[in-house]
Structures are given as C-alpha cells and as structure tokens.
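See below for the structure under consideration.
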Amino acid sequence: MGHRSIDNMAILIASPIKLTDEQLEEEMAMRRERLELAPGQATLGCPLCGYEELPQITNPSWEQLDDEAQGRAGQN
Numbered sequence: 020m021g022h023r024s025i026d027n028m029a030i031l032i033a034s035p036i037k038l039t040d041e042q043l044e045e046e047m048a049m050r051r052e053r054l055e056l057a058p059g060q061a062t063l064g065c066p067l068c069g070y071e072e073l074p075q076i077t078n079p080s081w082e083q084l085d086d087e088a089q090g091r092a093g094q095n
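All residue numbers for the sequence shown refer to the working numbering, where the first residue is 20 and numbers rise by one.
Laid out in structure tokens, this is it:
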C-alpha cells in the first residue's frame, strides 16, 4: 500500500479533534519527548514534530471566512 491509500484510510477512520494553538504546541512537545526526537527531526505521522516553534499560518481562519461571507451577504 502506498502513502496515498494510507492517508485516505486515516482520513476516513480518524475522528478529527479541535485544538487551540497552545494545545497543539503542547502536544507536539509531548510527542517529541515521547519519540525522543532530536531538534529539527520529524517522523511519519508527525510532520510538525520537527519544528521547535510552529510556523505561522497566513491563511484566514474558518471563522474569519464565515464572518466575511456574512458581511458580503448583508450588502446585497
């Protein structure tokens, strides 16, 4: 099986969870410690484990997109 089929299987089976930025950073730190990863080292299933500090997301959040869509809907 290739990565694509495994990715698709994980998407269909895994239940999503919602984390704040702080919760995500804490989880990444715990994973790095548990997996005994060196700084900058990532592992399969945890691509963000290689970051000491998470990269900043430049895309707007879903809430911002929803707010903008509602604002445009009110203009019509």
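For each residue, glycine too, the CB sits at the ideal point set by N, CA and C.
Only a predicted model underlies this, so the values are computations on that prediction, with no experimental measurement involved.
Grab me the residues of residue i's own chain with a C-beta within less than 7 Å of its C-beta, minus the 5 sequence neighbours each way, in chain order.
i: Glu44; result: Leu73
Can you list, in chain order, the residues of its chain with a C-beta nearer than 6 Å to that of residue i? Leave out the 5 residues immediately preceding and following it.
i: Arg51; result: Cys68
i: Cys65; result: Arg50
i: Ile36; result: none
So residue i packs on residue j, CB below 8 Å; how close in whole Å?
i: Leu38; j: Glu46; result: 7 Å
i: Pro58; j: Glu71; result: 6 Å
If you drop the 5 nearest sequence neighbours on each side, which residues of the same chain put their C-beta closer than 8 Å to that of residue i?
i: Ile32; result: none
Which residues does DSSP pair with residue i in a beta bridge?
i: Thr62; result: Cys65
Pick helix, strand or coil for residue i, following the three-state DSSP scheme.
i: Leu43; result: helix
i: Ser34; result: coil
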